[in-house]
Amino acid sequence: MYFILSKLLIYFLYPLSWIILLLVISLILKDKKYKYRTLIVAIVLLLVFSNGFLLKQVTKLWDIKPVTLQPDKTYSCALVLGGYISEYNKTTGYFNAASDRFIQAIKLKETGKTTHLLFTGGNASLTPDGFIEGNWLKQELQPFHFADSTLLFETQSRNTIENIRFSKVIIQAKQLPPPYLLVTSAFHMRRALLICKKEGLQVTPFPCELSAEEHQFSADDIIPTADTLSGWNSYLKEMIGYLVTSFKSTASKST
């Protein structure tokens, strides 16, 4: 039930949902004063959440910075969180915009930074039809000729909490010593680290899919774009998720 509610409620966090709702309300309202005010609020929200400069300031504050691993240290396992594979049909998938997680994981294995890779992810759809991220990924990994014993797969999880919780069981069963590398997108890392702490999984962050650019201000940053509006979806989802996880952790400690 929690999974279903979280999937449905997330759409109400998106700025575009607020803007559309306000526009609909402005069409329904008969009072010209409130109709005008509602329309103005919708326009202001559209301008704010489509402004690239504002979003970039948020990414710089929120994203976990890239790390440099110790050259002489090898980790027993790199935990690669799901979400970088999208479904094409029941048996086929494809790498989506978050696929840097997969790329960096392969590099970690190839360069000897980790002995094992644990890929976690099942099917996060509300109406799963048989496609499993982990099962499709097994086929994609065959050309790399990694030893089967060094590749681990968790195929039941539907969200980040389950990614980490179910992966912990596999890691413990394999008796792999901590700490483990945690591979996920920079914007997703903060919440993932909090969940790992809550679940008692000792990890070292290895953020990828970096989006916080270090550059001087330019006029292009204030030009409204649809990509910026979409970018807020990920950050608002992460921020709300972080607050919910923090609240649940605090509540469980006090009981």
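Those letters in the sequence shown? Residues 305 to 559, per the numbering used here, in order. Every residue gets a Cβ at the ideal spot worked out from N, C-alpha and C, and that includes glycine.
Next item on the list: Determine which residues share a DSSP beta bridge with E466 and list them.
Entry: As a working mapping, residue 466 is identified with position 162 in the sequence shown. Beta-bridge pairing links E466 to no other residue.
Notebook entry, point to check: Roughly how many whole angstroms lie between the Cα atoms of V384 and T488?
Noted result: Position 80 of the sequence shown holds residue 384. Position 184 of the sequence shown holds residue 488. In a straight line, the C-alpha of V384 is about 6 Å away from that of T488.
Checklist line | Inter-residue Cα distance where the pair is P319 and T529 | finding: Position 15 of the sequence shown holds residue 319. Position 225 of the sequence shown holds residue 529. Their backbone Cα atoms lie some 13 Å apart in a straight line.
Next item on the list: Determine the direct distance from the alpha carbon of Q408 to that of G425, and round the result to whole angstroms.
Entry: If you number the sequence shown from 1, residue 425 lands on position 121. If you number the sequence shown from 1, residue 408 lands on position 104. One Cα belongs to G425, the other to Q408, and the distance between them is close to 17 Å.
Checklist line | Own chain, CB closer than 6 Å to S534, minus 5 neighbours either side, in chain order | finding: Position 230 of the sequence shown, counting from 1, holds the residue named residue 534. Same-chain partners within the cutoff: there are none.
Check: Got a sec? Which residues, its chain only, sit under 7 Å from I314 by beta carbon, not counting five neighbours each side?
Finding: Mapped onto the sequence shown, residue 314 falls at position 10. Taken in chain order, the residues that qualify are K541.
Check: Thinking just about the alpha-carbon of each residue, which of W440, D524, S380 and L421 is nearest to the one in F560?
Finding: Only positions 305 to 559 of the chain appear in the structure, and residue 560 is not among them; the question remains open.
Next item on the list: Give the straight-line distance between the Cα atoms of I410 and P483, rounded to the nearest whole angstrom.
Entry: Translated into positions along the sequence shown, residue 410 becomes position 106. Translated into positions along the sequence shown, residue 483 becomes position 179. Cα-Cα distance, rounded: 19 Å.
Checklist line | Where Y398 falls: helix, strand or coil (DSSP) | finding: The residue given as residue 398 occupies position 94 in the sequence shown. Here Y398 sits in strand by DSSP.
Next item on the list: Mind checking who P511 pairs with in its DSSP beta bridge?
Entry: By 1-based counting over the sequence shown, the position of residue 511 is 207. The partner list for P511 (beta bridge, DSSP) reads T488.
Notebook entry, point to check: The alpha helix (DSSP H) spanning S424 covers which residue range?
Noted result: Mapped onto the sequence shown, residue 424 falls at position 120. The sequence given here places Thr at residue 424; Ser does not occur at that position. No alpha helix (DSSP H) contains T424, which is instead part of the beta strand (DSSP E) from L421 to T424.
Check: If we ignore side chains and look at the alpha-carbon of each, how far apart do T418 and L412 end up?
Finding: Residue 418 sits at position 114 when you count from the first residue of the sequence shown. Residue 412 sits at position 108 when you count from the first residue of the sequence shown. Their Cα atoms are separated by approximately 6 Å.
Next item on the list: Return the Cβ separation of C512 and R405 in integer angstroms, given the expectation that the two are a contact with Cβ distance under 8 Å.
Entry: Your numbering for residue 512 matches position 208 in the sequence shown. Your numbering for residue 405 matches position 101 in the sequence shown. Right, their Cβ atoms sit about 6 Å apart.
Check: Quick one: is E466 buried, meaning 16 or more other Cβ sit within 10 Å of its Cβ, or exposed?
Finding: Counting from one through the sequence shown, the residue named residue 466 turns up at place 162. Under this definition E466 is a buried residue.
Item checked: Beta carbon of L359 nearer than 7 Å to that of T532 -> Residue mapping note: residue 359 aligns to position 55 of the sequence shown, counting from 1. Residue mapping note: residue 532 aligns to position 228 of the sequence shown, counting from 1. Cβ atoms of L359 and T532: closer than 7 Å.
Next item on the list: Could you spell out the range, first to last residue, of the alpha helix (DSSP H) harbouring V345?
Entry: Stepping through the sequence shown from its first residue, residue 345 is reached at position 41. Start and end: K336 to F353.
Check: Candidates I389, L325 and R469: which alpha carbon is nearest I436's?
Finding: Position 132 of the sequence shown, counted from the first residue, corresponds to residue 436. Minimum Cα distance to I436 is reached at I389.
Check: By the 10 Å Cβ neighbour count, where 16 or more other Cβ atoms means buried, how is F448 classified, buried or exposed?
Finding: On the sequence shown, position 144 is the one that residue 448 refers to. With fewer than 16 Cβ atoms within 10 Å of its Cβ, F448 is classed as exposed.
Check: Could you check where the beta strand (DSSP E) with A382 kicks off and where it finishes?
Finding: Residue 382 sits at position 78 when you count from the first residue of the sequence shown. In the DSSP annotation of this structure, the continuous segment of the beta strand (DSSP E) that includes A382 starts and ends at A382 to V384.
Check: Considering only residues of the same chain and omitting the five flanking positions on each side of I329, which have a CB-CB separation below 8 Å?
Finding: Counting from 1 along the sequence shown, the entry for residue 329 is found at position 25. Only T342 meet the Cβ criterion.
Margin query: In the DSSP output, which residue or residues are listed as bridge partners for E391?
Written below: Translated into the one-based positions of the sequence shown, residue 391 becomes position 87. BP columns for E391 point to G397.
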